[in-house]
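K.L.:
Chains as they are written, first to last, in UniProt numbering: chain A, 1 to 141; chain B, 1 to 141; chain C, 1 to 141; chain D, 1 to 141. Every residue, glycine too, gets a C-beta built ideally from N, C-alpha and C.
Number of protein chains: 4
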Amino acid sequence: MPFIYSRTIRFQDTDAAGVVYFANVLAMCHEAYEASLAASGINLKEFFSNSAIAIPITHAEVDFFRPMFCGDQELIHLTPTLISEQEFRIDYQIFAEGSSDRPLSQAHTRHVCINPTIRKRENLPEMMWQWLKQWSDSETI
Amino acid sequence: MPFIYSRTIRFQDTDAAGVVYFANVLAMCHEAYEASLAASGINLKEFFSNSAIAIPITHAEVDFFRPMFCGDQELIHLTPTLISEQEFRIDYQIFAEGSSDRPLSQAHTRHVCINPTIRKRENLPEMMWQWLKQWSDSETI
Amino acid sequence: MPFIYSRTIRFQDTDAAGVVYFANVLAMCHEAYEASLAASGINLKEFFSNSAIAIPITHAEVDFFRPMFCGDQELIHLTPTLISEQEFRIDYQIFAEGSSDRPLSQAHTRHVCINPTIRKRENLPEMMWQWLKQWSDSETI
Amino acid sequence: MPFIYSRTIRFQDTDAAGVVYFANVLAMCHEAYEASLAASGINLKEFFSNSAIAIPITHAEVDFFRPMFCGDQELIHLTPTLISEQEFRIDYQIFAEGSSDRPLSQAHTRHVCINPTIRKRENLPEMMWQWLKQWSDSETI
C-alpha cells in the first residue's frame with residue numbers, strides 16, 4: 001500500500017518560466033518521505049539529527065512529463081522497497097489531484113544506512129523495517 | 001478573524017545549525033498568505049501570473065524568538081489590514097501547535113497593487129477587498 | 001572542453017544533517033548551466049522567459065559520493081552532448097577545489113526544445129548549437 | 001569600509017512573477033555575510049556548526065524598490081555595526097552592477113551571540129570583533 005501525500009504547489013516552488021523549478025520536484029518527494037516517516041511514528045527531529053545512524057541519499061532520479069503550476073493540487077504516491085539490510089529505494093509518482101491515470105512526474109531515490117561519524121554502512125534500524133513493512137508493496141519483508 | 005494555517009517544519013527548511021533557516025520563516029508566512037487567498041476563492045495560478053495587476057511585497061520584517069526544528073508543527077495566524085486603496089499589510093504570528101501563549105516568531109509584510117508593465121499604482125481589485133473583509137480584524141472595511 | 005564553474009557552499013544549501021541538502025546539488029548544477037549560457041553570450045533573462053522557445057528539463061539524475069559542508073569550495077565540470085536536433089544532455093561532475101581525482105557528486109540532465117504554448121518539440125535555436133560547440137567534448141557537432 | 005559582494009541572479013532565485021522571490025533577497029544578503037566572514041579568515045563550517053557559540057538572527061527587515069531578473073548582476077554592500085558586547089546589526093544595500101546611485105533593495109539583520117545549548121547571551125568572540133573592525137564604518141570599535 002503506497003503512502004499518499006497531498007501537496008499544494010506554492011509560489012516559492014515556481015521559477016520565472018511560470019512552473020515548478022525542476023529540483024523542487026525532488027524536494028516535494030522528500031516532503032512525502034518525511035510525512036511517511038511521521039505517519040509510522042518516527043520522530044523527525046531525532047531522525048534527521050541522529051549522530052549514531054544516518055540514512056543519506058546516494059542516488060536520486062526524476063522524470064518530468066507535464067509542468068506544475070502555482071496553486072495546483074498534487075498527490076504524491078510513495079512506495080519503498082528494501083534493497084539490502086543497509087539499503088532501500090523509494091519510488092514516487094506525482095499525480096494531479098483528481099486524475100490518477102498518468103503522472104505529471106516520477107522519481108526515485110536510493111538511501112543507505114551509515115554511521116555518520118565514520119561513514120561506514122550499518123544495518124537499518126528497527127523503526128525503518130516497520131516503516132518499510134507499512135508502505136512497501138511487498139508481502140515478504 | 002485571523003486565517004490560521006498549519007505547517008509542518010520540513011528537512012529542507014532547516015540549515016546546518018539544526019533549525020529553520022531565517023529567510024524560510026518568511027517563505028512559510030507567504031505560504032499562509034497563498035492558502036488564505038485560495039480559501040477566499042482566488043485562483044493562485046492566475047493571481048501570480050496576472051499581467052494586468054500585480055501585488056508585490058514592498059517591505060518584509062520578521063522577529064525570531066525561539067528556534068523551530070524539523071518535524072515541529074506550527075500554526076501561523078495571518079491578519080491583513082488595509083492601508084490605502086492600493087496597499088495592505090499582513091501580520092503573521094507563528095505558534096507551536098498546542099501552545100498559543102507566546103509566538104516562536106512574528107512577521108509582517110506590506111503589499112502594493114500595481115500595473116506590472118508600467119509599474120504604476122492601481123486600486124486593489126474587488127477580490128482583494130473580499131479577502132481583506134474575510135480575514136481582517138476590522139469591522140469597517 | 002568542459003565549462004568549469006566555481007561554487008562556494010552556502011549556509012542556505014545545508015540542512016539539519018550539517019551537509020548540502022540533496023536536491024540543492026541539482027540546483028548548483030543548474031547554476032553552472034546558467035553560467036555556461038552566459039559565457040556563450042546568451043541573455044539569461046530572455047532565455048528563461050522566452051514565450052516562443054523553451055528548453056525544459058525532462059530528466060535529471062544525481063549520485064552522491066561524499067558530503068559537502070558550508071564554506072567548501074567546489075568546481076563543477078559541465079559537458080553538454082547533442083542527442084538529436086531537439087535534445088541535449090548535460091553531464092556534471094562536482095569536485096572539491098584542489099582535488100580533481102574523485103568527484104564528490106555527479107549528475108546529468110536531459111533537455112528538450114519545445115514551443116511552450118503548444119508544448120510541441122522544436123529544433124534547437126542557433127545560439128544553443130553555438131553553446132554546444134563551445135563546451136562539448138565532441139569534434140563533430 | 002563596506003564589504004562588497006557580487007551576485008548573479010539565478011533562475012532558482014526567481015518565481016512565476018518572473019522576478020526574484022522576496023525572501024530570497026534576504027538569503028542573498030546572508031550569502032554576502034558569509035563571504036565577509038570568509039574574507040576575515042573565519043572558517044564557515046566551524047562557525048555555523050559551533051556547539052559552544054552561536055550568533056542567530058533575531059530580526060530581519062527588507063525593502064524592495066525595484067525587481068531583479070534572472071541573469072542580472074548585483075552588488076551587495078554590507079556594513080556591520082556593533083550594538084552591544086553581545087549584539088550587532090548588519091545593513092545591506094543591493095545595487096545593479098554599474099549603477100550605484102539608487103539601490104534595488106535594502107535590508108538589515110540583527111544578530112545576538114548565545115550559548116546554543118542553554119540559549120543564554122554570551123559576549124561576541126574575538127574573531128567577530130576583528131570582522132566588525134574590518135567592515136564597520138565606525139572608527140571606534
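(1) Would a check of beta-carbon distances place L104(D) closer than 9 Å to chain C?
(2) Under a three-way DSSP split, which group does A38(C) fall into?
(3) Taking only beta carbons into account, state which residues of the stretch 58-72 of chain D come closer than 9 Å to chain C, listed in chain order.
(4) Where does residue 160(B) fall in DSSP's three states?
(5) Within 10 angstroms of the Cβ of M1(B), are there 16 or more other Cβ atoms? Answer buried if so, exposed if not.
(6) List the residues that DSSP assigns as beta-bridge partners of N115(D).
(7) Name the chain C residues whose beta carbon is nearer than 9 Å to that of P56(A)?
(8) Can you check the stretch 26-87 of chain D for any beta strand (DSSP E) of at least 3 residues that lies completely inside it and give the ranges in chain order?
(9) Are the beta-carbon atoms belonging to I55(C) and C113(C) less than 9 Å from one another?
(10) Would you check if the stretch 117-137 of chain C and the stretch 83-93 of chain C touch, i.e. whether three or more CB-CB distances between them fall below 8 Å?
(11) Is it buried or exposed, R10(B), if we count other Cβ atoms within 10 angstroms and call 16 or more buried?
(12) Please report the residue range of the beta strand (DSSP E) in which Y5(C) lies.
(13) For residue 187(B) versus F64(D), is the C-beta spacing smaller than 9 Å?
(14) Going by CA-CA distance only, name the one from N24(C), L75(C), M128(C), Y21(C) that's closest to D101(C).
(15) Is it right to say I118(B) is buried, meaning 16 or more other beta carbons lie within 10 angstroms of its own, or is it exposed?
(16) Suppose contacts are defined by Cβ-Cβ distances below 9 Å. Is F48(C) in contact with A27(A) by that definition?
(17) By the criterion of Cβ-Cβ separation under 7 Å, what are the contact partners of T14(A) in chain D?
(18) Starting from Q134(C) and walking both ways along the alpha helix (DSSP H), at which residues does that stretch end?
(19) Only counting the same chain, and skipping five residues up and downstream in sequence, which positions put a Cβ closer than 6 Å to that of Q106(B)?
(20) Apart from the five residues just before and just after L78(B), which ones in its own chain have a Cβ nearer than 8 Å to its Cβ?
(21) For a contact defined as C-beta to C-beta under 9 Å, what are the partners of F11(B) on chain C?
(22) Starting from the C-beta of P67(A), find all residues in its chain whose C-beta is less than 6 Å away, skip the five residues before and the five after it, and write them out in chain order.
(23) Output, in chain order, the set of chain A residues within a Cβ distance shorter than 9 Å of L26(C).
(24) Would you decide whether G41(B) is buried or exposed? Buried here means 16 or more other CB atoms lie within 10 Å of its CB.
(25) Count the other C-beta atoms from every protein chain shown that fall within 10 angstroms of the C-beta of R121(B), then say buried if there are 16 or more, exposed otherwise.
(26) Just by C-beta distance, which residues in the stretch 27-44 of chain B are closer than 8 Å to chain A?
(27) Measuring straight from C-alpha to C-alpha, what distance separates D13(A) and T81(B)?
(28) Can you tell me whether G71(C) is buried or exposed, with buried defined as 16 or more other CB within 10 angstroms of its CB?
P.N.:
Reading it off the structure:
(1) Output row for L104(D): interface = no.
(2) Secondary structure at A38(C): helix, using DSSP grouped into helix, strand and coil.
(3) Going along the stretch 58-72 of chain D in chain order, one finds F69, C70, G71, D72 with a Cβ nearer than 9 Å to chain C.
(4) Since the first residue of chain B shown is 1 and the last is 141, residue 160(B) is not available in this structure.
(5) Result: exposed.
(6) Per the DSSP secondary-structure output, N115(D) pairs in a beta bridge with K120(D).
(7) The answer, in chain order, is A17, V19, F22, F64, P67.
(8) Complete beta strand (DSSP E) runs here, min 3: 57-64, 73-84.
(9) Against a cut-off of 9 Å, the Cβ pair of C113(C) and I55(C) comes out as a contact.
(10) A contact is defined here as three or more CB-CB pairs under 8 Å, and the stretch 83-93 of chain C meets this definition with respect to the stretch 117-137 of chain C.
(11) Buried.
(12) Note, Y5(C): beta strand (DSSP E), 3-8.
(13) Chain B is shown only over 1 to 141; residue 187(B) falls outside these bounds and no answer can be derived.
(14) Closest by C-alpha distance to D101(C), out of N24(C), L75(C), M128(C), Y21(C), is L75(C).
(15) By the 10 Å Cβ count, I118(B) comes out exposed.
(16) The answer is no: Cβ separation not under 9 Å.
(17) Neighbours of T14(A) across chain D, judged by C-beta separation under 7 Å: D15, A16.
(18) Start and end: 126-135.
(19) These residues qualify, in order along the chain: D63, Q93.
(20) Correct list, in chain order: P2, F3, I4, Y5, C29, A32, Y33, S36, I90, D91, Y92, W135.
(21) Those within 9 Å of F11(B) in chain C are D15, A16, A17, Y21.
(22) Here the set comprises V19.
(23) Simply F22, A23, L26, A60, V62.
(24) Exposed: under 16 other Cβ atoms inside 10 Å.
(25) Exposed, since its Cβ has fewer than 16 Cβ neighbours within 10 Å.
(26) Near chain A, meaning a CB-to-CB distance below 8 Å, the residues of the stretch 27-44 of chain B are A27, H30, E31, E34, A35, A38, N43, L44.
(27) Straight through space, the alpha carbons of T81(B) and D13(A) are spaced by roughly 27 Å.
(28) Classification for G71(C): buried.
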